[in-house]
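> Residue numbers (the working numbering), protein chains in the order written: chain A, 19 to 735; chain B, 19 to 735.
The following block contains the structure, expressed as structure tokens.
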């Protein structure tokens with residue numbers, strides 16, 4: 019049943035290494051300061067990295083004090099130094115934020131206070147714009163040398179080279195939001211302004227959220243605590259309304275996309291046509307099961323065509339805009355899960371409504387599109403073609419429908435492509451490769467190594483980390499796990515085990531990257547004598563639609579069945595003490611943890627749930643209704659997953675932790691659960707981080723993991 | 019050093035009793051349902067009681083279904099029954115809320131929905147007034163048969179016998195409060211309207227709190243959590259302003275007491291002259307160290323005289339209005355701590371500014387004035403004359419300056435006097451007397467017993483509860499303690515011990531009432547094998563001014579020194595395990611608990627702090643500045659007592675619990691402490707009761723004590 023894929027025998031490796039080192043006993047023990055982001059020694063234990071950018075088709079390495087360009091001979095030559103820039107503008111303290119657009123020898127150095135363009139060939143400043151305090155959502159257009167930004171709730175464009183500021187909106191407020199991300203960052207949306215390719219027009223979101231009530235968060239850090247209200251649209255309630263405007267910089271006029279009634283509609287995937295004359299956009303209904311791809315005239319806002327439609331009995335999740343072919347503005351690549359897996363399709367505007375599938379099943383699921391190579395007429399994609407827990411880069415020929423692997427066949431890769439598509443920077447790791455960066459010729463696949471990171475753990479006692487698969491509760495689907503054994507493992511002993519869980523959509527925790535995507539806390543727990551087990555249940559990411567949407571209208575149910583299969587596997591290991599099984603997770607994982615503690619009280623003895631969803635009717639419309647529909651239309655599903663209604667079933671020890679200022683899983687989740695337990699006569703434990711939001715960062719993250727660990731030490735050990 | 023006063027050997031008593039009972043082993047064990055208010059069996063374990071009221075000078079016993087009058091022969095005769103009333107008004111469901119005013123055969127039956135007067139001789143309804151929903155702060159005047167009340171923020175009077183409603187104010191709001199208690203119930207204030215003795219005029223408070231900011235409490239029980247703001251004046255900030263109006267029912271006009279500028283002034287002790295023509299009132303400055311007794315003309319509001327002034331270098335705490343002699347309207351009794359102890363003084367309006375002390379040191383400190391006996395020209399007081407931990411009733415002759423004990427010389431008594439002062443109902447208990455009610459002739463001291471409650475614990479295994487004194491940290495002051503030994507005590511064993519602490523002003527925890535004022539939880543902890551120890555440190559109540567105000571400008575400091583003396587005593591007991599000392603307290607006791615954990619980390623291993631003050635600058639102006647002055651004028655004192663600043667000193671296990679909707683010690687106290695611990699890298703534990711305020715009642719109180727007990731079981735046992 020259990021197929022063991024691979025195991026990192028780092029301990030053996032280190033033992034071998036130890037022959038040349040003084041003594042195994044001198045290996046260091048991980049502390050939370052070593053393994054938790056925010057810990058004092060955390061950065062020192064990360065594999066070496068390199069910041070690489072494309073300046074035109076030339077590769078640039080960025081360091082704090084200088085930028086270097088990569089030569090044909092494989093040498094790095096200084097492009098310019100921080101001192102060069104400082105000679106022109108002493109306000110610049112580091113080159114770490116540098117970026118390039120186009121091929122001009124101009125470095126853009128921007129921060130929240132200023133926008134600076136520096137020409138290193140002429141050693142002079144091209145532009146320098148100081149930004150007003152309070153400016154946000156800055157969007158830069160290279161062709162027009164203009165910025166768009168939000169200031170005091172309204173939208174502005176400002177020239178970097180002229181003394182020209184235009185206020186685009188007048189009625190901006192907390193209720194009317196301009197030029198910012200909408201729909202709570204769902205549907206792949208992460209910004210609110212979109213410059214046309216030629217920089218002549220700015221497409222922007224306007225969101226009316228006057229009908230959305232405030233959730234009353236409280237800031238306790240002021241002299242007297244103060245209200246910190248946030249607009250929060252809860253599932254089943256009235257939602258915000260979004261419009262899309264096009265501002266013409268030349269005429270100073272705005273037209274609006276003629277979408278029709280925008281009640282209960284989502285607009286995403288905004289894409290400019292290559293000629294800056296058309297706008298393409300997705301429209302998804304509130305039920306999220308009917309998608310339309312629209313084409314608008316950018317000059318008038320008129321809806322010209324419905325290019326394509328998709329429907330699905332469960333839901334559709336459009337997350338990517340269109341990608342026009344650089345060599346043919348009639349055609350774009352459309353990214354869709356419509357055949358059950360993320361694949362790419364070629365759409366021709368001339369031949370309306372026809373789609374040609376580009377990627378085939380050899381590609382697995384597409385996780386990223388890096389760009390095109392016009393010479394070879396190919397698209398470069400990142401996908402799970404090699405293994406469901408790997409990401410590898412493929413060149414897919416659009417003409418021949420042929421895919422070729424680029425780079426190493428193991429591990430998890432991330433790529434950035436040069437503008438001409440000829441060269442690829444490939445940053446990757448695999449279970450026993452901490453990090454490697456290669457530069458690859460996409461035409462012939464030839465590769466040169468730029469970085470091989472050293473083993474960052476070499477002076478530490480490292481646990482055994484392995485991965486494998488078990489069968490899901492459906493009896494047929496393979497699920498991937500990561501298993502971390504205690505440091506100094508002794509197969510004759512019985513160890514307590516902690517299941518770390520997320521379990522929600524769009525995420526996975528086990529992949530074939532360094533240490534199988536280990537979390538630092540697992541190393542620490544292994545140090546403390548725990549087995550840690552992580553399983554990606556059905557409902558998680560990158561395994562196709564059916565795998566993911568089995569949870570539809572019943573979040574938690576199938577996911578938990580799979581986690582129980584994981585525990586059965588754990589208990590089958592001779593060295594795991596089946597009476598000491600704990601569980602920990604955050605956010606969706608907090609929901610899973612609480613749910614598992616209530617549903618399987620005889621399996622899980624101790625749980626730590628962070629920022630949990632307790633009642634999906636307290637969660638936001640966009641994410642929540644995708645998976646659960648509305649409380650009105652799915653009362654049963656909402657009741658079945660409402661953990662308040664099962665508060666009386668708590669038997670083990672459960673610690674619930676939340677960020678006191680969490681705007682994502684608002685405190686009402688945790689607090690209403692605590693209240694329900696009080697009413698039911700059960701006794702969870704509680705902790706909070708005032709001032710923190712959905713997650714803890716910096717020193718708080720270290721403190722949090724001390725707190726979590728202590729709870730298992732108190733009650734599971 | 020340790021003087022043992024007395025010990026209840028209840029176990030021995032029960033053992034003796036057990037000879038006639040089947041077996042000691044069959045004695046029941048206390049559960050939290052037995053001993054915590056709100057527990058299912060709590061009421062059954064309370065000593066029997068009797069509701070007694072004075073109807074004129076006749077004693078009436080109230081039961082749910084009938085009222086009985088006490089005859090000279092010692093027999094109870096039915097006065098009227100619930101059925102009699104129901105025959106006239108079927109809305110009346112119980113007689114439990116009955117009250118009498120004057121000598122007419124009229125029973126007042128009032129609840130939040132109606133006011134009913136029932137004449138039992140004529141078997142008819144005298145008046146029946148249905149109240150509007152939302153009416154609050156109802157104040158009844160018997161002479162005028164009128165009600166005063168607040169409705170939708172404004173003040174009204176309404177006749178019970180006529181169809182007459184008068185709206186007195188127009189500008190009432192959240193900011194402008196009419197006819198309600200002011201100054202946050204400090205200075206003995208608990209209501210906002212004061213009818214003149216003849217019922218012709220209504221004196222009332224008006225409070226402008228527009229300058230007081232809102233503390234943002236949050237109600238999480240609504241569909242989406244909603245803001246529940248409360249006006250909260252924090253120490254050192256701008257305070258509300260109070261005025262006092264006199265409304266004349268006949269003319270319909272209001273005059274205002276001419277107090278002058280009411281910025282930073284307190285007004286309390288409002289007393290009508292017996293002829294309804296004068297108003298007497300205290301004026302205390304914000305610094306609370308200068309008290310004036312003012313006389314006003316009720317018709318015009320003019321300030322006529324300053325009758326008396328008191329100053330003190332620390333603070334003055336006026337808590338009682340004037341008591342005019344029934345037989346001489348020129349004289350009133352003034353209650354003051356000015357000689358260092360609560361005593362009574364006779365003031366003659368004719369001989370201005372002279373005071374004759376009535377009560378002497380034999381009386382100890384006066385804790386209550388029950389009234390006067392005009393025949394014997396005496397005042398009946400309750401005081402600590404017999405012992406600092408007793409309350410006994412004395413008749414004090416105003417002419418002969420002689421005091422006579424009335425009733426039993428042991429225990430803690432509570433009395434209600436008949437209007438003519440001839441008869442006294444004396445309800446009392448002592449360490450081994452659960453409850454007794456006697457009726458006493460105040461002229462000759464003769465007493466008849468009305469009730470002797472049975473031992474409510476007779477079928478339970480009861481711990482040994484004793485009391486004694488130790489010396490305070492000043493080396494000279496006696497402090498009283500209560501010591502509860504584990505059930506099944508074995509002097510050879512070593513037990514963990516929990517100190518229960520309050521420690522703040524105006525309260526004491528040890529008195530010679532039943533079980534030395536035991537708290538039910540102590541019986542339960544004794545059952546679980548803990549020693550429980552309670553000590554009234556310096557700063558607590560009824561021991562005189564110097565004992566109390568030693569804490570001035572440095573709350574916590576001296577109190578903790580005394581508690582450490584208590585622990586030294588505990589540790590001197592052979593059966594106490596000095597390495598397992600816990601501490602628990604609520605409110606001021608939560609402040610003490612947290613402070614003790616941080617200040618004496620090597621003494622206290624485990625603490626549970628409830629609703630604690632963490633920073634006195636977060637506490638309200640009235641109570642806080644009395645003891646601490648303002649943060650501006652006492653920075654050192656505020657810093658020294660600011661527990662946030664010592665969050666890093668936490669070493670043991672500390673659980674902090676708070677009511678999520680606590681309007682007294684607002685959540686900012688606890689939450690800012692948690693935040694400070696997180697910043698300092700220490701690890702308190704936390705719990706909250708959403709919807710609960712400063713204390714938990716009903717089922718939540720049972721849950722709370724389960725939670726508290728579990729914490730000691732987890733970490734102290």
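Just so you know, even glycine gets a beta-carbon here, dropped at the ideal spot from N, CA and C.
Taking C-beta to C-beta, are residue 581 of chain B and residue 521 of chain B nearer than 8 Å?
yes
> Within this structure, are the beta carbons of residue 276 of chain A and residue 319 of chain A separated by less than 8 Å?
In this structure, residue 319 of chain A lies closer than 8 Å to residue 276 of chain A by Cβ.
> Taking only beta carbons into account, state which residues of the segment 667-691 of chain B come closer than 8 Å to chain A, listed in chain order.
If the cut-off is 8 Å between Cβ atoms, the segment 667-691 of chain B has 678, 684, 685, 686, 689, 690 near chain A.
> Check the DSSP bridge columns for residue 441 of chain B and list the partner residues they point to.
B:459
> Could you tell me whether the Cβ of residue 378 of chain A comes closer than 8 Å to any Cβ of chain B?
no
> Can you give the Cα-Cα distance for residue 374 of chain A and residue 214 of chain A, rounded to whole angstroms?
27 Å
> Interface residues of chain B around residue 238 of chain A at Cβ under 8 Å?
685, 686, 689, 690, 693
> Hey, residue 644 of chain B and residue 454 of chain B: beta-carbon distance below 8 Å or not?
no
> Take residue 251 of chain A and list the residues in its own chain whose beta-carbon comes closer than 7 Å to its own, dropping the five residues that flank it on each side.
230, 257, 258, 638, 639
> Are residue 488 of chain A and residue 551 of chain A closer than 8 Å when you measure CB to CB?
Residue 488 of chain A is not a Cβ neighbour of residue 551 of chain A, given a cutoff of 8 Å.
> How would you list, in chain order, the residues of chain B whose beta-carbon sits under 8 Å from the beta-carbon of residue 706 of chain A?
What residue 706 of chain A touches in chain B: 689, 692, 704.
> Cβ atoms of residue 468 of chain A and residue 68 of chain A: under 8 Å apart, would you say?
yes
> The segment 215-244 of chain B: which residues have C-beta closer than 7 Å to a C-beta of chain A, in chain order?
Taking a C-beta cut-off of 7 Å against chain A, the contacting residues of the segment 215-244 of chain B are 231, 233, 234, 236, 238, 242, 243, 244, listed in chain order.
> Could you have a look at residue 666 of chain A and say whether DSSP puts it in helix, strand or coil?
helix
> Do residue 196 of chain B and residue 171 of chain B come within 8 Å of each other at the CB atom, strictly closer than that value?
yes
> Less than 8 Å between CB atoms is the rule here; does residue 52 of chain A satisfy it with respect to chain B?
no
> Would you mind working out which of B:671, B:718, B:724 sits nearest residue 9 of chain B, comparing C-alpha positions?
Lying outside 19 to 735, the shown extent of chain B, residue 9 of chain B is not represented and no answer is given.
> Taking CB distances under 8 Å as the criterion, tell me whether residue 736 of chain A reaches chain B.
Chain A is shown from 19 up to 735; residue 736 of chain A falls before or after that span and cannot be answered.
> In chain A, which residues lie less than 7 Å from residue 699 of chain B when you measure between Cβ atoms?
The contacting residues are 721.
> Closest Cβ-Cβ distance between residue 642 of chain B and chain D: below 8 Å?
Protein chains in the displayed structure are A and B, and chain D is not among them.
> At the level of alpha carbons, what is the spacing between residue 722 of chain B and residue 152 of chain B?
32 Å
> Would you check if there are 3 or more beta carbon pairs closer than 8 Å linking the segment 650-666 of chain B to the segment 558-577 of chain B?
In short, these stretches touch, since the Cβ pair count reaches three.
> Rounded to a whole number of angstroms, what is the C-alpha to C-alpha distance between residue 803 of chain B and residue 539 of chain B?
Only positions 19 to 735 of chain B appear in this structure, which leaves residue 803 of chain B out of reach.
> Give me the chain A residues within the contact set of residue 250 of chain B, using Cβ-Cβ distance strictly less than 8 Å, ordered along the chain.
Those are 242, listed as they occur along chain A.
> Is the CB of residue 725 of chain A under 8 Å away from at least one CB in chain B?
yes
> Could you check if residue 85 of chain B is buried or exposed, using at least 16 other CB atoms within 10 Å of its CB as the buried criterion?
buried
> On the three-state DSSP scale, how would you describe residue 372 of chain A?
coil
> Apart from the five residues just before and just after residue 40 of chain A, which ones in its own chain have a Cβ nearer than 8 Å to its Cβ?
Unreliable placement is indicated for residue 40 of chain A, whose pLDDT of 42 sits below 50; the coordinate value is still reported in the next sentence. So no residue of the chain qualifies.
> What runs of the beta strand (DSSP E), each 3 residues or longer, lie entirely inside the segment 543-613 of chain A?
549-553, 594-604
> Going by alpha carbons, who is nearest to residue 494 of chain B out of B:560, B:526, B:462, B:583?
B:583
> Alpha helix (DSSP H) containing residue 640 of chain A: first to last residue?
639-646
> Mind pulling the chain A residues with CB within less than 9 Å of residue 718 of chain B?
696, 697
> Out of curiosity, what's the CA-to-CA distance linking residue 130 of chain A and residue 148 of chain A?
9 Å
> Using CA coordinates, which residue listed in A:683, A:425, A:537 is at the minimum distance from residue 202 of chain A?
A:683
> Please say whether residue 307 of chain B and residue 330 of chain B have beta carbons closer to each other than 8 Å?
yes
> State the start and end residues of the unbroken beta strand (DSSP E) segment that holds residue 265 of chain A.
259-266
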